[in-house]
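What follows is one structure encoded as structure tokens, with my remarks underneath.
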Amino acid sequence: MEFGVQLRPRNIDRVRTRSMEYSLQPFIDQVSTLVGKRYGHGNKFHGSTKLVNDLDRALARFVAEGRKIGRENREIEIDMRSACDRVESTGKEMHATARDFLDNPCSSARRNELVESARELLTAVTDLLIIADAADVIRLKSAARQVDNWLQQMERAASPDEVTYLYRGYGNDLEKLLKLTARRQTDVKSPSISEKLALARLKLKRINNVLLNSMTLHVKYPDVASAKVNRDFALSQASEAVRSIVESLDEDKASRLSPEEERGHTAVLLEEFKADVDRLLVEASSSHSLRPDSLSRLVASLDRKVTQISDEMSLSLCGESTRKFRLKQVSSTLASLQKSFVDIKQILKRKGGLQLEKSVITSKATDMIKMSKFLKTQMSRCAVDDVCDLFYDVDLPLALMVEPARIGNKRAVEQRAKTFRNQAERFYQASKLVSSFSPDSQSIKRLRWAMKDIQFSYTQVINAARSVTFYPSSLTARKNLESFEDLWINQVKLLTRAVDDVVDIDDFLIVSEYHLLEELKSSMLAVQVGNPESMEIHLAHVKGIVRRFCDVTLAKVSQLGDRKYDEYVKSVENAIASLEKNSMRQYGKCIDEILDQLNENDEALFDERQCSQKAKAVLHGVRRVRHVVQSIRTDVSMMSDPDEAFLDDDIEPDLPPPPPDMLQDDDYEDDENTSEAEEFGVEHVLNHLDLAADEPPPPPLPRPPPEKEVPPPRAMRRQTSSRTFIREDERHVSPSELGHLSDEQKRHLHALREEKRQLEREVDKFGEVNSDIVTIAKDMGMMMIDMSDFTRGAGPLKTAMDVFDTAKEIAHSGKRLDLLGKQLAKECPDESFKADLLSYLQRVSLYCHQINITSRVKADVTSRSGEKNSHSLENATTLVAAAKNLMNAVVHIVKLSYVAMNKIAKAKGVHESSTSVSWRARIPDKKPLVRAEDDERSGTSQESGGGAGLRLEPAFSTIKAMKTLQDFRSYKVPSLSDEPEEDEWV
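So the sequence shown is numbered by our numbering: it starts at 114 and just counts up by one.
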């Protein structure tokens, strides 16, 4: 025996509570001191008698307390009396052995006898403490049985008065049970049992109010099935909580029912995959030859894990909020990883040359490790995408469902219950997906408990809303609904905190920043278009994202309890305070001011640039918080995040999405560039045009003579417009001055001419008479021709101011086109087609607003600053390039409008003239049945009577025009007896 080591009782492992340890520890200390003290030869220890006497007195008090506990608890009285007797007998034996040992402290035999007696005494004391703990367990089980009896009686209640009486007794016993459970929760040593008791207590507290209201509602309205379901749910939840407390008190059941601690399965899978690749690297880098048996097992294991990773990726990418760029990154990386693994397998299958290809195996295995790390990060962020979209506005679906329930609207409740159910299911799926990437087993356990509550309670909230629809004026039904609302909100808060504990803070910060960037872009689009409803929605979204961003960041940082992080925590708090109090406040104030102006005047002008600067300040504030949070860790601050490539400062809105494939016309020679422009932006296409700087512009198309019946609106406006004031420095632009333009500006002009020709080809299919939209489109095309001619030194426009005025007229025509298009969309019976038309109309509205503002600014600057002619030409060129986007949208509006008119006419079964917008297809020009031989040889045709040297565009003279006209057939007036056919124009 080594001196100074404490003696332990043989049954110390049966000590389950801290109070038992505290009671046992003084005896252990006294016995250990008595046995382990060194004594001199032939001399008695001067304090030995005092030690023995103190031990005797402590044992006497201990036994007296044990007998008292036995008398108070009849269930353990016999066992307690037997344990006390054994403590007394072992104490007397210990006293005698200690006296003998003190007479001869140098005797090893007497010391061994003392040690054995001490262990017997400590074991007897431990047995007595275990029996005393059983008394506490019996008392707690008795309180649980009383509560369970009350629940059974309440289930059989038949009137509200009886429910109230039984609930009063249930509440008294429940309070007693909760106190005993709380004491046991803090006393028990097992963390799993303590957590289970805590959850049972929390469930009993939260279900208490729900139980009373659901019981009362059911006995008052027994014919309502949803009320009975609510009552059964509340009773089952309370009974389950009581049963969980009883099971936690049973030592065997508690150990058997406690779940095993496990980490996220996807995180474990990727770690095991990395371990296998590391073993492959070791094998490949060894100086010995590669062993076939070990390599075959290793390759088979890697093959299984690659397949499992692919399956996990398909699950992680199925979320509704997964961003497209992340989907592409994960898919391409997984394909590269699979290819590298296939290459390694092929190398290992070859019999010879393995030694020479070890470097190749090492290189590919190293790449696989890097790709697995990247996959883990991006797959985890796919889950965080769902978390960020779901958990910043959790109460809205519930409020939308409850609102119609209070007025008894059953149909609306059922419709909005689908949205609420979808939200709850997405909560569960997102939480499950997030937990699969976490290595923290304790956080995963708490998250799964919260997920279980969410999974079973959302249907009861729907049932409570249904009960209110049967009796909207019933106060009992309303209270029942309110209690279930509170239950749901509290459970969602628990789930939110559990999810935040599991989510990696770095992934959350950068994903939230990207989501904020998307919302700010949408908000700026709403500002430019002047849509107050959309502005309010996106402002609420921005506030929700920033608020949740700050809450999660503060919660994560506050978990650092060490005082050395105080300065770091303070810096994070200061960054968050600056974001909330300065950036967000100014941005919200700017949006509110714009909303006030739009409420007073729909055509109000406001400073979009200032609002854009406020939005950028919010984005920069969020980014600063992220950098401050990551500044404490060098492993993050020194590495560039792959998602930062998508986090730019450009919050200018993207264009609306393109229409379906049905609107893509492959017959046009420049549709490929158009579709590319819609996908990647106009600048992207312009930068890839292979055009020479000195290439002469194509000749203008011949203008068709205007119809006499309907004079062009532009002509009427020009008669009233005043353009007589011409400055000397704004003389006519000569072709030589085009050399001052840069190559980029020349490419802009060339793209504008291409859009102009496409517009002319489209509107030439229709006649102007009784075709309102075509009339406006042709008028806009003529104005664009004049603007294009000005850049080449020709046309009726003489000064840059004329170009600015023409741009304003184009914008005004675009507004008229927008009004007519909205009338068509309102009458169109096809919802999907209506959405496509409105999408392009929104684009037209945006471009008209931009051109209007730009022309005003350019005109004001040009008239005041007295710019030279070259600068005026540059300003006009910029405005011409901006008009190109508008004309591109007008082309699609013409297509969509004609199809919409035919759909309206077929749906109504009437002639097209009765619709709000008139339309009539132009009769195609007559073509000769046999083409002349010279035309076949030349490949070009000359217009008859048009003079020599005049070349027509191929779109008007070749067979390509016939293919184009096939898209718009001659209109046949349907009869009232005709059955509507399939959408032949789609």
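Cβ atoms here follow ideal geometry from the backbone N, Cα and C, with glycine treated the same way.
No experiment lies behind these values; they were computed from the predicted model shown.
Problem - asparagine 712 to isoleucine 704 span [Cα, whole Å] - result: Walking along the sequence shown from the start, residue 712 turns up at place 599. Walking along the sequence shown from the start, residue 704 turns up at place 591. When rounded, the distance between both Cα atoms is 12 angstroms.
Note to self: Am I right that phenylalanine 438 and phenylalanine 903 are in contact with their C-beta atoms under 8 angstroms? What's the rounded C-beta distance?
What the structure shows: Position 325 of the sequence shown, counted from the start, is the residue given in the question as residue 438. Position 790 of the sequence shown, counted from the start, is the residue given in the question as residue 903. At roughly 41 angstroms, the Cβ-Cβ gap does not stay under 8 angstroms, so phenylalanine 438 and phenylalanine 903 are not in contact.
Q) threonine 130 bridges to which residues according to DSSP? A) Translated into positions along the sequence shown, residue 130 becomes position 17. Bridge partners of threonine 130: Val301.
Assign glycine 1060 to buried or exposed, taking buried as 16 or more other Cβ atoms, counted over all protein chains shown, within 10 Å of its Cβ.
Your numbering for residue 1060 matches position 947 in the sequence shown. Note that glycine 1060 has pLDDT 37, beneath the 50 cutoff, so the model's placement of it is unreliable and no number is given.
### Query
So is glutamate 944 buried or exposed if we call it buried at 16+ other beta carbons inside 10 Å?
For this step, residue 944 is matched to residue 831 along the sequence shown. Exposed.
In this structure, how does DSSP classify phenylalanine 917 when only helix, strand and coil are distinguished? Sequence index remark: in the sequence shown, residue 917 carries index 804 (1-based). In the three-state scheme derived from DSSP, where H, G and I count as helix and E and B as strand, phenylalanine 917 is classed as helix.
Practice prompt. Spatial neighbours of threonine 833 within its chain, please: CB distance less than 8 angstroms, with the 5 preceding and 5 following residues excluded, ordered by chain position.
Written response: To locate residue 833, count along the sequence shown from 1; it is residue 720. Any reading at threonine 833 must be qualified, since the residue scores a pLDDT of 32, below 50, and its modelled position is unreliable; the value itself is stated next. Once the five neighbours on either side are set aside, threonine 833 has no close Cβ partner at all.
Among Glu226, Thr277, Val616, which residue has its Cα nearest to the Cα of alanine 668?
Position 555 of the sequence shown, counting from 1, holds the residue named residue 668. Among Glu226, Thr277, Val616, the Cα nearest to that of alanine 668 belongs to Val616.
Give me, in chain order, the residues of the same chain whose beta-carbon lies closer than 6 angstroms to that of proline 645; leave out the 5 immediate sequence neighbours on both sides. For the purposes of this step, residue 645 is taken as the residue at position 532 of the sequence shown. Same-chain partners within the cutoff: Leu708, Leu711.
Notebook entry, point to check: Residue range of the alpha helix (DSSP H) that lysine 387 falls in?
Noted result: Looking up residue 387 in the sequence shown gives position 274. Where lysine 387 is concerned, the enclosing alpha helix (DSSP H) stretches over 378-398.
Task: Where glutamine 138 falls, given that 16 or more other Cβ within 10 Å makes a residue buried - done: Within the sequence shown, numbered from 1, the residue matching residue 138 stands at position 25. Counting Cβ neighbours within 10 Å, glutamine 138 comes out exposed, since fewer than 16 surround it.
Legend entry - Simplified DSSP assignment, three categories, for isoleucine 745: Taking the first residue of the sequence shown as position 1, residue 745 is located at position 632. Three-state result, isoleucine 745: coil.
Buried or exposed: where does glutamine 528 fall if 16 or more other Cβ atoms within 10 Å of its Cβ makes it buried? In the sequence shown, residue 528 corresponds to position 415, counting from 1. Classification for glutamine 528: exposed.
Note to self: Quick check: what's the CA-CA separation for arginine 129 versus alanine 351?
What the structure shows: As a first step, residue 129 is located in the sequence shown; it is residue number 16 there, counting from the start. As a first step, residue 351 is located in the sequence shown; it is residue number 238 there, counting from the start. Computed Cα separation, rounded: 27 angstroms.
*Starting from arginine 223 and walking both ways along the alpha helix (DSSP H), at which residues does that stretch end?*
Position 110 of the sequence shown, counted from the first residue, corresponds to residue 223. First-last of the alpha helix (DSSP H) with arginine 223: 221-268.
- Message: I'd like to know if the region 632-644 and the region 534-545 are in contact, where contact means that at least 3 CB-CB pairs between them fall below 8 angstroms.
- Response: No: fewer than three Cβ pairs fall under 8 angstroms.
_DSSP three-state label for threonine 146, please._
Against the sequence shown, residue 146 aligns to sequence position 33. Residue state for threonine 146 is assigned as helix, using DSSP reduced to three classes.
Point to revise | Nearest residue (CA-CA) to glutamate 178, options Met193, Glu188, His1005, Leu168 | key: As a first step, residue 178 is located in the sequence shown; it is residue number 65 there, counting from the start. Out of Met193, Glu188, His1005, Leu168, Met193 has the C-alpha closest to the C-alpha of glutamate 178.
- Own chain partners of glycine 908 with C-beta closer than 6 angstroms, once the 5 adjacent residues on each side are dropped: One-based indexing of the sequence shown puts residue 908 at position 795. So the list reads Asp899, Asp902, once near-sequence residues are dropped.
*So, serine 495 versus threonine 435, is the Cβ gap smaller than 8 angstroms?*
Residue mapping note: residue 495 aligns to position 382 of the sequence shown, counting from 1. Residue mapping note: residue 435 aligns to position 322 of the sequence shown, counting from 1. Note that residue 495 is cysteine in the sequence shown here, rather than serine. Yes, Cβ-Cβ distance for cysteine 495 and threonine 435 is below 8 angstroms.
- Return the chain-ordered list of same chain residues with a C-beta closer than 8 angstroms to the C-beta of arginine 376, the five sequence neighbours on each side being excluded. Sequence index remark: in the sequence shown, residue 376 carries index 263 (1-based). These residues qualify, in order along the chain: Ser551, Pro552, Asp553, Ser554, Ile557.
Can you tell me the Cα-Cα spacing of arginine 269 and leucine 348, whole angstroms? Taking the sequence shown and counting its residues from 1, one reaches residue 269 at position 156. Taking the sequence shown and counting its residues from 1, one reaches residue 348 at position 235. About 11 angstroms.
| said: For glutamine 491 and glutamine 542, which I take to be in contact (beta-carbon distance under 8 angstroms), what is that distance rounded to the nearest angstrom? | reply: As a first step, residue 491 is located in the sequence shown; it is residue number 378 there, counting from the start. As a first step, residue 542 is located in the sequence shown; it is residue number 429 there, counting from the start. The Cβ separation is near 18 angstroms, so there is no contact.
> Taking just the CA atoms, how far does arginine 559 sit from serine 303?
Replying inline: For the purposes of this step, residue 303 is taken as the residue at position 190 of the sequence shown. For the purposes of this step, residue 559 is taken as the residue at position 446 of the sequence shown. Looking at the two C-alpha atoms, the distance is approximately 16 angstroms.
- Query: What three-state label does DSSP hand phenylalanine 550 in the structure shown?
  - Reply: Within the sequence shown, residue 550 is the residue found at index 437, counting from 1. Residue state, collapsed to three classes: coil.
Q) Are the beta-carbon atoms belonging to serine 339 and asparagine 522 less than 8 angstroms from one another? A) Walking along the sequence shown from the start, residue 339 turns up at place 226. Walking along the sequence shown from the start, residue 522 turns up at place 409. The Cβ atoms of serine 339 and asparagine 522 do not sit closer than 8 angstroms to each other.
Could you tell me whether any Cβ in chain D is nearer than 8 angstroms to the Cβ of lysine 702?
This model lacks chain D altogether; it includes just one protein chain.
- Query: Can the beta-carbon of alanine 653 be found less than 8 angstroms from the beta-carbon of tyrosine 700?
  - Reply: One-based indexing of the sequence shown puts residue 653 at position 540. One-based indexing of the sequence shown puts residue 700 at position 587. If you check the CB distance, alanine 653 and tyrosine 700 do not come in under 8 angstroms.
| request: Given a cut-off of 8 angstroms, decide if leucine 910 and alanine 1013 are closer than it, judged by their beta-carbon atoms. | output: What you label residue 1013 is simply residue 900 of the sequence shown in a count that begins at 1. What you label residue 910 is simply residue 797 of the sequence shown in a count that begins at 1. Taking the C-beta atoms as reference points, leucine 910 is found no nearer than 8 angstroms to alanine 1013.
How would you label leucine 172, buried or exposed, when you count the other beta carbons within 10 angstroms and need 16 or more for buried?
Residue mapping note: residue 172 aligns to position 59 of the sequence shown, counting from 1. It counts as buried.
* Asked: Does DSSP put isoleucine 520 in a helix, in a strand, or in coil?
  -> The sequence position of residue 520 within the sequence shown is 407, counting from 1. Note: isoleucine 520 maps to coil in three-state DSSP.
Would DSSP call aspartate 216 helix, strand or coil?
Working through the sequence shown from its first residue, we reach residue 216 at position 103. Aspartate 216 falls in the helix class under three-state DSSP.
- Message: What would DSSP say about serine 945, mapped onto helix, strand or coil?
- Response: The residue you call residue 945 lines up with position 832 of the sequence shown. Helix.
Practice item. Specify the secondary structure class of glycine 284 as computed by DSSP and reduced to three states. Key: Sequence index remark: in the sequence shown, residue 284 carries index 171 (1-based). Helix.
key: 6 angstroms CB neighbourhood of isoleucine 886 in its chain, flanking five on each side removed   = Counted from its first residue, the sequence shown places residue 886 at position 773. Once the five neighbours on either side are set aside, the close Cβ partners of isoleucine 886 are Leu933, Ser1010.
- Task: Kindly indicate which three-state DSSP category tyrosine 584 falls into: helix, strand or coil?
- Result: Along the sequence shown, read from residue 1 onward, the residue named residue 584 stands at position 471. Here tyrosine 584 sits in coil by DSSP.
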